[in-house]
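The structure under discussion appears below in the form of structure tokens.
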Amino acid sequence: MTSAPESPSGESTTTVVIGSGFSGLAVATELSRQGIDAIVVDGLDFLCGAAQGRRTELADPAELSDRSDILRLLRHYASRHQLDVRDSTRAVRLSRAVIGPNQQPKWIIHTADGILLADNIVLTRCAQNQLRRILVSLGIKISRDVLSAMRALGLFWVGAGDLLAPTTREILHQAKVVSRAISARSLVPVPPALA
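Numbering (the UniProt record's numbering), first residue to last: 1 to 195.
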């Protein structure tokens, strides 16, 4: 974590979801249900470019049909509940700094449209080895339990796992688990020494 010489000014929110596809909309919907503010942006190129180029196909036609139906419902929910989904805004850089009078660490998401500040970030479609590289590139020491280290930092992961292409049910479950963890984290302030 770095301390910024000048506090960046930007739009502030509780959570930024990086990825506006199925996984990102599932998380945004669950966060909305928990009463958590979130901004969804497109773009994983700077994080997981290799994964973006590799298309994962769902082998089961019924699974593909279910996912298409659920995606349509998620888009309808996002529109009806006015979720902040910015399909044309791409995240280009990610950093972390201590900001504000409370000296709380914040995630800084640089986009072509400006800076977003967030307590939490949800990444979608990244492989675990790519997540380790992200943490190392940010100067964050990690243990063997990457997911616990990420949660302590307010960094969450949905849409990937042990399987190359998680099922629709697995993604929806991951979205619920992550939204509950963010909700619990938002209720309890994280001391600066732990974040």
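Every residue, glycine too, gets a C-beta built ideally from N, C-alpha and C.
All of these numbers come straight from a predicted model, not from anything done at the bench.
Quick check: what's the CA-CA separation for A26 versus T167? Rounded to whole angstroms, A26 to T167 spans 13 Å at the Cα level.
Could you give the distance in angstroms between the alpha-carbon of G43 and the alpha-carbon of T14? As the crow flies, the alpha-carbon of G43 is around 19 Å from that of T14.
P101, buried or exposed, once every other Cβ within 10 Å from all chains shown has been counted against 16: Exposed, by the Cβ-count rule.
At the level of alpha carbons, what is the spacing between L116 and I109? Spanning the two alpha carbons is a distance of roughly 5 Å.
V146 to L187, Cα distance in whole Å? For V146 and L187, the distance between alpha carbons rounds to 23 Å.
What residues in its chain sit with their C-beta under 8 Å from that of D113, if we drop five residues either side in the sequence? Contacts found: R86, T89.
Environment of S9 [buried if 16+ CB atoms lie within 10 Å]: So S9 counts as exposed.
Straight-line CA distance for L172 to L73? Note on geometry: alpha-carbon atoms of L172 and L73 lie some 13 Å from one another.
Judging by CA-CA distance, which residue of V178, A149, Y77, A152 is the nearest neighbour of A160? Considering only alpha carbons, the answer is V178.
Please state the DSSP three-state secondary structure of R180. Residue state, collapsed to three classes: helix.
Please state whether the Cβ-Cβ distance between S23 and V158 is less than 7 Å. A Cβ-Cβ contact shorter than 7 Å links S23 with V158.
Pull up the distance between the alpha-carbon of A149 and that of S95, whole angstroms please. Put simply, the backbone Cα of A149 is about 16 Å away from that of S95.
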